[in-house]
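Here is the structure we will look at.
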Amino acid sequence: MLKLAVLVSGGGTNLQAIMDAIDRGKQGQPGLTRLIRENKDDLTPSEICGMQKEAAINDAYIGIVISNNPNAYALKRAEAHGIKAECLSPKAFDSRADYNRALLEKLKAENVDLVVLAGFLVVIPPEVVSAYPNRVVNIHPALIPAFCGKGYYGLHVHEGALGKGVKVSGATVHFVDAGTDTGPIIMQKAVYVRDDDTPEKLQRRIMEQAEWKLLPGAVDLIAHDMLTVENRVVSIKESE
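Oh and the sequence shown: position 216 is 216 in UniProt numbering, straight run, nothing missing.
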């Protein structure tokens, strides 16, 4: 059973998507791994993931939710779900090095298997990346390598996409490395941009059509050891 630590900074909509997907898995709904193994239509894993009406996760649970923001609504979501929730803010430490060390110590103390960044607006310390190689995943609301990196977070991503007049945006779930949004890509899903889109409208549609499916899907794949990474390319096994 894969034990998750979910790191958040705000409202926690992606956290909610993970919690809901785990609940569906407990009720017997198949996660992405089972859907891939049962696939008879020659679809890619990303296509199968995107076609799910509702995502499910099998064989994983959230051990702790950590936020840098004491007022994050995500903490309330976790507590309402009976999940341990704590605030660990860089502002509470004398230096970033002290914070980095405390975060790593917390993750190790909780004995987590996978660190999930679900709207976490603090740069992940290199110590954490080194301690959890290919065990830290992030969801980004654009098709990396577009509209990513420094300054591209929250609505800024969608403002950038609309400002460039792109016709397609989407979301990417990827492993985290030492850079910003530069880690190996696990899956992506495209979402068409509409003429009447605002950053808020596009943000919501990408959440509903892409983020809330991709992130649970990636967790399910990792829970079943379905991913390999070689030369920065992620491959998804299609059979046991």
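Ideal Cβ placement from N, Cα and C applies to all residues, glycine included. The structure presented is a predicted model; accordingly, all values stated were derived computationally and were not measured.
- For M187, the enclosing beta strand (DSSP E) covers residues I185 to Y192.
- When Cβ pairs closer than 8 angstroms are counted between the two stretches, the stretch 23 to 42 is seen not to touch the stretch 90 to 108, the count staying below three.
- According to the DSSP assignment, E105 belongs to no beta strand (DSSP E) but to the alpha helix (DSSP H) extending over R96 to A109.
- In this structure the stretch 148 to 157 touches the stretch 176 to 194; the number of beta carbon pairs closer than 8 angstroms is three or more.
- Straight-line measurement puts the Cα of D41 at about 40 angstroms from the Cα of I66.
- V191 is positioned such that its CB atom lies closer than 7 angstroms to that of A210.
- CA-to-CA, the gap between D225 and L2 works out to about 10 angstroms.
- In this chain, the alpha helix (DSSP H) harbouring A17 covers T13 to K26.
- The C-beta distance from A21 to I57 rounds to 4 angstroms, short enough to fall under 8 angstroms.
- Rounded to whole angstroms, the Cβ separation of L4 and Y61 is 7 angstroms, and the two are in contact under 8 angstroms.
- Every unbroken stretch of the beta strand (DSSP E) spanning 3 or more residues and falling wholly within the stretch 107 to 131 is given here in chain order: 114 to 117.
- Between the beta-carbon of G119 and that of S9 there is about 6 angstroms, and that keeps the pair under the 8 angstroms contact cut.
- Residue environment for R232: exposed (fewer than 16 other C-beta atoms within 10 angstroms of its C-beta).
- Here the alpha carbon of Y132 sits roughly 11 angstroms from the alpha carbon of I124.
- For T33, the enclosing alpha helix (DSSP H) stretches over residues L32 to R37.
- Y61 sits in a strand when the DSSP states are folded into three classes.
- As DSSP reads the structure, V229 sits in a beta bridge with V234.
- The beta carbon of W212 sits closer than 6 angstroms to those of A17, all from its chain and outside the five residues before and after it, given in chain order.
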